[in-house]
Amino acid sequence: MRSHLLNDTTAERYRRSVTEGIERVAAKLATTDRPFTGVTVDALAPRIERIDLDRPLHDTSAVLDELEEVYLRDAIYFHHPRYLAHLNCPVVIPAVLGEAVLSAVNSSLDTWDQSAGGTLIERRLIDWANERIGLGPAADGVFTSGGSQSNLQALLLAREEAKPGNEPGDNAAKLRVFTSEVSHFSVKKSAKLLGLGADSVVSIPVDQDKRMQTLALAHELERCERDGLVPMAVVATAGTTDFGSIDPLPEIAQLCAQFGAWMHVDAAYGCGLLTSLKNRDRLAGIERADSVTVDYHKSFFQPVSSSAVLVRDAATLRHATYHAEYLNPRRMVQERIPNQVDKSLQTTRRFDALKLWMTLRVMGADGIGELFDEVCDLAQEGWKLLVADPRFDVVVEPSLSTLVFRFIPAAVTDPAEIDRANLYARKALFASGDAVVAGTKVGGRHYLKFTLLNPETTADDIAAVLDLIAGHAEQYLGESLDRAS
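According to the numbering used here, the sequence shown holds residues 62 to 546 in order.
See the structure below:
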């Protein structure tokens with residue numbers, strides 16, 4: 062079995078095995094004509110369940126053949142131009158190359174003696190991102206597994222900074238977090254994980270553009286102060302999951318300064334604007350944040366996972382620092398040995414920063430920005446199509462690359478029946494494999510969603526998928542009328 066260990070004696074076997082796997086995937090990518098096969102759980106699960114994991118095949122080619130049957134054939138392919146559902150992007154080749162390198166070398170980014178150059182590369186990328194945002198010379202941060210972890214760490218730091226005299230205890234019940242009603246669910250989840258009360262997260266209403274209403278935020282902050290509570294943090298969103306909306310960051314920053322609240326900006330989606338050649342101004346005010354979440358595996362076209370939490374003041378990261386003699390003893394700080402575990406909620410951690418490093422060194426930031434600008438422009442085209450099409454109601458003009466809409470039949474006025482038609486259309490489209498779209502609720506009603514992150518998607522693709530949606534919805538309504546009669 063030692064022949065399967067990657068080392069100096071098996072380098073050629075590694076080359077052959079990985080090359081064969083890459084060739085299989087490349088062939089699949091080259092011949093995929095739709096984003097999904099439409100396979101059902103009931104059809105796929107038995108194939109996987111009948112595989113006896115205690116009886117290995119002992120042959121890479123045979124395993125790849127099997128993988129074709131249980132995974133590659135029915136995977137959902139984000140690179141296809143009619144995958145329009147969630148915040149999943151097609152990935153750029155330099156990042157995939159970085160993924161191959163980091164997996165093989167297998168550095169762990171917790172301590173210097175497990176990563177060396179990897180530590181310095183990650184730190185340089187953190188500095189680069191902070192420079193792009195404008196957080197200032199004392200800024201720092203660390204890579205994370207994703208936006209949820211980044212938001213959790215940011216709110217952990219905010220909680221600790223909000224404690225009077227950094228005293229633990231009953232003060233936690235007085236802490237309040239303010240965020241818009243359409244912010245990411247991880248804000249409430251983080252509050253729960255941090256031991257804050259059920260009432261700790263105050264939901265702020267949004268305007269017609271799905272942006273936090275700053276007047277309502279001001280009223281809630283005043284109420285908080287009046288009730289003797291502590292405004293721990295305001296979480297502004299730069300790219301909401303459902304609408305891509307960007308909260309008014311300058312006004313929120315001003316209120317945070319006025320009431321002494323930590324300002325966190327969840328820019329997991331909107332961080333692509335940091336490289337934009339023409340839309341960077343949409344993030345105006347982000348430079349005033351105390352912490353920022355960025356998800357490179359969304360609008361930077363990176364493979365999952367690649368994210369970071371960034372902070373204005375490096376000293377605040379001490380709230381995530383613990384020292385262990387076997388890993389990162391305190392003496393290493395005096396010896397100026399850079400251990401990333403001192404900043405991270407994770408211990409063992411992949412060298413995910415390498416993917417972004419490779420991307421920047423091959424494509425440059427402008428190359429990333431051009432791609433993200435393309436999908437933002439595409440969303441504008443899609444919005445115009447929807448506004449001009451009487452079959453659809455579109456919720457809001459996009460700030461980034463998301464469109465939320467629903468099919469409105471001419472002959473049906475029952476909102477519940479329209480809901481069912483839209484739900485059916487989404488499910489039928491997914492089952493067909495012709496396209497994949499997402500769904501959400503707006504005002505208690507079911508809507509559909511395009512999240513456009515593929516520069517290869519065209520306005521013609523959007524128009525074709527809209528026709529498919531309308532066709533499925535009309536089929537449902539026709540069958541519903543037949544059943545009723």
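Note that beta-carbon positions come from the ideal geometry of N, C-alpha and C, so glycine has one too.
#1: Three-state secondary structure (DSSP) at Ile265?
#2: What does a CB cutoff of less than 8 angstroms around Arg506 pick up in its chain, not counting 5 residues either side in sequence?
#3: Assign Asn212 to one of two classes, buried (16 or more other C-beta atoms within 10 Å of its C-beta) or exposed (fewer than that).
#4: What are the complete beta strand (DSSP E) segments, minimum 3 residues, inside the segment 483-540?
#5: Mark Tyr537 as exposed unless 16 or more other C-beta atoms lie within 10 angstroms of its C-beta, in which case mark it buried.
#6: Using a threshold of 8 angstroms, state whether the C-beta atoms of Ser352 and Phe204 are closer than that.
#7: If I measure Cβ to Cβ from Arg422 and keep anything under 8 angstroms in the same chain, skipping five residues before and after, which residues do I get?
#8: Considering only residues of the same chain and omitting the five flanking positions on each side of Leu158, which have a CB-CB separation below 7 angstroms?
#9: Kindly indicate which three-state DSSP category Thr240 falls into: helix, strand or coil?
#10: What are the boundary residues of the beta strand (DSSP E) that Ala297 is part of?
#11: Among Asp403, Asp450, Leu461 and Val448, which residue has its Cα nearest to the Cα of Ala430?
#12: Under 8 angstroms: do the segment 279-287 and the segment 316-323 share three or more Cβ pairs, one atom per stretch?
#13: Excluding the 5 residues flanking Leu365 on each side, which residues of the same chain have their C-beta closer than 6 angstroms to its C-beta?
#14: Assuming Ile137 and Val498 are in contact, meaning their beta carbons sit under 8 angstroms apart, how far apart are those beta carbons, in whole angstroms?
#15: Is it true that the segment 212-223 meets the segment 241-257, where meeting means three or more beta-carbon pairs spaced less than 8 angstroms apart?
#16: Smallest Cα separation from Arg100: which of Arg237, Ser168 and Ala492?
#17: Thinking C-alpha only, which one of Asp342, Thr512 and Phe239 is nearest Thr501?
#18: Hey, quick one: how far does the alpha helix (DSSP H) through Gly428 stretch, first residue to last?
#19: Report the start-end ranges of each beta strand (DSSP E) in the segment 393-427 that is 3 residues or longer and not cut off at the edges.
#20: So, is Val166 buried or exposed, given that buried needs 16 or more other C-beta atoms within 10 angstroms?
#21: For Arg284, name the three-state secondary structure that DSSP assigns.
#22: For His325, name the three-state secondary structure that DSSP assigns.
#23: Reducing DSSP to helix, strand and coil, say where Leu145 ends up.
#24: Three Cβ pairs or more, each shorter than 8 angstroms: is that satisfied between the segment 233-247 and the segment 300-317?
#25: Per the DSSP calculation, Ala369 is bridged to which residue(s)?
#26: Who are the near neighbours of Asn227 in its chain, counting only those whose CB is closer than 8 angstroms to its CB and skipping five residues on each side?
#27: Just how far apart, CA to CA, sit Arg70 and Val79?
#28: Across the segment 85-101 and the segment 132-148, are there enough close Cβ pairs to call them in contact, namely three or more that are closer than 8 angstroms?
#29: Is the beta carbon of Ile194 within less than 7 angstroms of some heavy atom of the ligand COA?
#30: Apart from the five residues on each side of it in sequence, which residues of its chain come closer than 7 angstroms, Cβ to Cβ, to Ser176?
#31: Out of Ala520, Arg272 and Leu490, point me to the one whose CA is closest to Glu535's CA.
#32: On the three-state DSSP scale, how would you describe Phe468?
#33: In chain order, what residues of the same chain lie with their CB nearer than 6 angstroms to the CB of His325, ignoring the 5 residues before and after it?
#34: Taking a contact to mean a Cβ-Cβ separation below 8 angstroms, would you say Glu442 touches Pro516 in this structure?
#35: Look up Met273 in the DSSP assignment and give the residues it is bridged to.
#36: Please report how far the alpha carbon of Leu290 lies from the alpha carbon of Ala223, in whole angstroms.
Reading it off the structure:
#1: strand
#2: Arg467, Pro476, Ile479 and Asp480
#3: buried
#4: 497-503 and 506-512
#5: By the neighbour-count criterion, in which 16 or more other beta carbons inside 10 Å mark a residue as buried, Tyr537 falls on the buried side.
#6: no
#7: Pro155
#8: Met419
#9: strand
#10: Val291 to Thr298
#11: Correcting the residue identity first, residue 430 is Gly in this sequence and not Ala. Of the listed residues, the one whose Cα sits closest to Gly430 is Leu461.
#12: yes
#13: Looking at the sequence provided, one finds Val at residue 365 rather than Leu. Closer than 6 angstroms at the Cβ level, and outside the excluded window around Val365, lie His358.
#14: The Cβ separation is near 12 angstroms, so there is no contact.
#15: yes
#16: Note that residue 100 is Val in the sequence shown, not Arg. That would be Ala492, whose Cα lies nearest to the Cα of Val100.
#17: Thr512
#18: Here the alpha helix (DSSP H) through Gly428 covers Ala426 to Ala449.
#19: none
#20: exposed
#21: helix
#22: strand
#23: Residue state, collapsed to three classes: strand.
#24: yes
#25: Phe204 and Val355
#26: With a pLDDT of only 48 at Asn227, under 50, the local geometry of the prediction cannot be trusted, and the value read off the model is given with reservation. Same-chain partners within the cutoff: Glu221.
#27: Note that residue 70 is Thr in the sequence shown here, rather than Arg. Their Cα atoms are separated by approximately 16 angstroms.
#28: The segment 85-101 and the segment 132-148 touch, with no fewer than 3 CB-CB distances between them shorter than 8 angstroms.
#29: Of the ligands one can find in the structure shown there are none, so the ligand COA has no counterpart to examine.
#30: Ser168, Ser169, Leu170 and Phe412
#31: Leu490
#32: strand
#33: Ala215, Ala294, Val296 and Ser352
#34: no
#35: Val267
#36: 11 angstroms
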